[in-house]
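My numbering puts the first residue of the sequence shown at 775, with every later residue one more than the last. We put the beta carbon where it would ideally sit given N, CA and C, even for glycine.
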Amino acid sequence: MAHTITLDGVLTLADILGPDMTLLIVGYNPNPLAVVQRHYYARTANRFWEDLFEAGFLPKVLRGPDEDLALPQYGIGLTDLVKRPATTMDSLTPAEYRQGVARLDGLLQTHRPRMVCFNGLGLLTHYQRWGQPPAGVLVRAVPSTSPRNNGLRTARLAAWRGLRAELAIASDG
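See the structure below:
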């Protein structure tokens with residue numbers, strides 16, 4: 775299970791980070807169910823784990839206890855732009871986004887993944903407004919894996935597969 779931490783007085787999911795990260799995936803914020811279950815993207819209606827598997831990032835769907843902690847062995851890290859749990863992103867404030875962007879910039883400076891990918895196109899908009907990625911870190915976004923976007927499954931999988939191909943090219947070049 776992902777570890778939980780208390781941040782600004784709120785229980786939330788700890789980031790899953792590792793050395794030599796190729797890809798850092800950034801979500802909006804943890805769902806309260808994910809915090810209770812201590813597992814990122816715990817809602818089965820969210821297609822995150824299935825999409826990563828189907829796009830070739832993972833050898834299997836990581837829905838079991840502790841399985842999300844295996845991400846670093848595949849060169850993948852996981853965080854949220856806003857760490858406060860909420861059932862929808864509608865309650866997140868501009869101040870929380872700005873604070874999250876500053877925190878993310880610090881993670882990118884420290885860990886230097888080849889790519890940061892936002893799980894939600896709107897997240898990229900927030901990051902572009904306030905963020906300063908380090909030189910050499912590719913910044914990308916895919917349509918959100920939220921159940922609200924299940925109609926975009928084909929486009930979302932194509933985006934994940936495109937990222938996989940781009941990372942393969944970057945590692946060869």
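Exposed or buried, what is residue i when buried is set at 16 or more other beta-carbons lying within 10 Å of its beta-carbon?
i	result
aspartate 782	exposed
lysine 857	buried
alanine 948	With the chain represented from 775 up to 947, any question about residue 948 goes unanswered, as that position is not in the structure.
aspartate 842	buried
isoleucine 790	buried
threonine 861	exposed
asparagine 820	buried
threonine 899	exposed
alanine 933	buried
alanine 942	exposed
Would residue i pass as a contact of residue j if the rule is Cβ separation under 8 Å?
i	j	result
valine 800	leucine 878	yes
arginine 812	threonine 786	no
histidine 885	leucine 826	no
leucine 855	leucine 897	yes
alanine 808	tyrosine 815	yes
proline 853	leucine 881	Residue 853 is actually threonine in this sequence, not proline. It is a contact, given that the beta carbons lie within the stated cut-off.
valine 835	glutamate 824	yes
What did DSSP end up calling residue i once you bin it into helix, strand or coil?
i	result
asparagine 805	coil
methionine 889	strand
threonine 818	coil
arginine 879	Per the sequence shown, residue 879 should be read as aspartate rather than arginine. Of the three classes helix, strand and coil, the one that applies to aspartate 879 here is helix, per DSSP.
histidine 777	coil
alanine 915	strand
alanine 936	Correcting the residue type first, residue 936 is glycine in the shown sequence and not alanine. Looking at glycine 936 - three-state DSSP - the assignment turns out to be helix.
Report the CB separation of residue i from residue j in whole angstroms; it is logged as a contact under 8 Å.
i	j	result
proline 859	proline 917	At roughly 22 Å, the Cβ-Cβ gap does not stay under 8 Å, so proline 859 and proline 917 are not in contact.
valine 911	tyrosine 901	Rounded, the Cβ-Cβ distance is 11 Å, inconsistent with contact.
proline 887	threonine 796	6 Å
phenylalanine 822	threonine 919	4 Å
glycine 792	glycine 851	6 Å
aspartate 794	glycine 849	6 Å
Query raised in the report: Quick check: the stretch 857 to 868 against the stretch 879 to 891, are there 3 or more CB pairs under 8 Å?
Result: Taking 8 Å as the limit for Cβ pairs, the verdict is that the stretch 879 to 891 does not touch the stretch 857 to 868.
Query - Given 8 Å, three or more beta-carbon pairs between the stretch 821 to 832 and the stretch 928 to 947 - result: Touching, yes, given that three or more Cβ pairs across the two stretches are closer than 8 Å.
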